[in-house]
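Before any comments, here is the structure.
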Amino acid sequence: MIRNIVVAWVVATVTMVAGLYAYHTRWSQPALTIGVVDIADVYRAKERAYTEILTKANVTDEDRKRALAMAGDFANALPKALSEMPAECQCLVLLKSAVVGDTPNTLDLTAALRRKLGMG
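In my numbering, the protein residues as written are 1 to 120.
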């Protein structure tokens, strides 16, 4: 009688552990990866490039037009680049200033955004 109870308990425990393991590895949600982008840093770098063009000695109207065209291109390219990033990294992309602390699942995508915008 006791042997039957122990065998039933062992079988039930093994079945429960196997079920929990299968659920955890196969059906439960994996940890969400969060990509962060430091937009302020990207803007400062672009602003520096415009400032260098516009504050150099002997600035021409052509230089001003080039800086204005660069600003327009950047204004069009930034939203497009940001909208493509979640699909590329398969993650949620947030502004770095919106994230309080880093987690093991946090990726800094600022360098990738710079590359997409041709900023090196």
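The beta carbon of each residue, even a glycine, is placed where N, CA and C say it ideally should be.
Next item on the list: Specify, as a first and last residue, the run of the alpha helix (DSSP H) that Gly19 falls within.
Entry: Ile2 to Ala22
Notebook entry, point to check: Under a three-way DSSP split, which group does Asp61 fall into?
Noted result: helix
Item checked: DSSP-derived helix/strand/coil call for Leu95 -> strand
Notebook entry, point to check: What is the DSSP secondary structure of Thr110, reduced to helix, strand or coil?
Noted result: helix
Check: What residue range is occupied by the uninterrupted alpha helix (DSSP H) comprising Val42?
Finding: Ile39 to Thr55
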